[in-house]
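Trainee: Please read through the structure below; I'll follow up with questions.
Numbering (our numbering), first residue to last: 379 to 512.
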C-alpha cells in the first residue's frame, strides 16, 4: 500500500543519515527498521495463512504475530519551558506524518519498576539519574 511505501522510504532516508544522528534518534531508526521487519514477517504469515481455513487458523495466526524487536521513541520532551508529551509537539508529529515512529508512550514509575534493565541513550530528555531513581 502507499502508506507502507511511504514508511519504508522514510526509514531508508533516516538510515542514510544515521551516522549524523544523536543516539536517541538512532534508536528511532532502529525502531522504524524493526517495525518494517515485523510488518514484512506478518504480511508473509498472512499470505501463508490464507491457504488455511477457519477460525482456529485465524487464532493461531494472531498468536504467532511478530512484534518489532525494539521500541525506542520519544515520550516527552522540553517544549516552551515545560515537559510535554511528544504527541502534543508539532516537530514530532511531522516525523510521524512522514512514516517515522518518533512518538512513544511514557511509563509510570510502577511500570518502569517491572523491568530489570533500563537503557539511557542520553542527550536532551531532561531526565537525570536521580529522577530515574525516584
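Glycine residues also receive a C-beta, built at the ideal position from the N, C-alpha and C atoms. The structure presented is a predicted model; accordingly, all values stated were derived computationally and were not measured.
1) Cutting at 8 Å between CB atoms, please list the residues of its own chain near residue 476, excluding the five before and the five after it.
2) Along the chain, where does the alpha helix (DSSP H) that runs through residue 461 open and close?
3) Per DSSP, what kind of secondary structure is residue 330 in: helix, strand or coil?
4) Which whole-angstrom value describes the C-beta separation of residue 416 and residue 478, a residue pair presumed to lie in contact below a C-beta threshold of 8 Å?
5) Does the beta-carbon of residue 491 have 16 or more other beta-carbons within 10 angstroms, so that it is buried, or is it exposed?
6) Which one of 482, 496, 495 and 413 has the shortest CA to CA distance from residue 445?
7) How would you label residue 470, buried or exposed, when you count the other beta carbons within 10 angstroms and need 16 or more for buried?
8) Give me the Cα-Cα distance between residue 379 and residue 408, rounded to the nearest whole angstrom.
9) Let's test the definition: count the other Cβ atoms within 10 Å of the Cβ of residue 390 and tell me whether it reaches 16, buried, or not, exposed.
10) If you measure between the beta carbons of residue 455 and residue 462, is that distance less than 8 Å?
11) Helix, strand or coil for residue 422, going by three-state DSSP, please let me know.
12) By alpha-carbon positions, which one of 468, 386 and 392 ends up nearest to residue 418?
13) Are residue 451 and residue 406 close, meaning C-beta to C-beta below 8 Å?
14) Between which two residues does the beta strand (DSSP E) harbouring residue 455 extend?
Mentor: Let me spell this out:
1) 384 and 388
2) It is not in any alpha helix (DSSP H) - residue 461 instead sits in the beta strand (DSSP E) that spans 460 to 463.
3) Past the boundaries of the shown model lies residue 330; the chain is included only from 379 to 512, so the question cannot be answered.
4) Wrong, their Cβ atoms sit about 16 Å apart, outside the cutoff.
5) exposed
6) 413
7) buried
8) Reliability fails at residue 379, whose pLDDT of 49 lies under 50, so the model's placement of it is uncertain and the value that follows must be treated cautiously. Distance between the alpha carbons of residue 379 and residue 408 is about 22 Å.
9) exposed
10) yes
11) helix
12) 386
13) yes
14) 454 to 457
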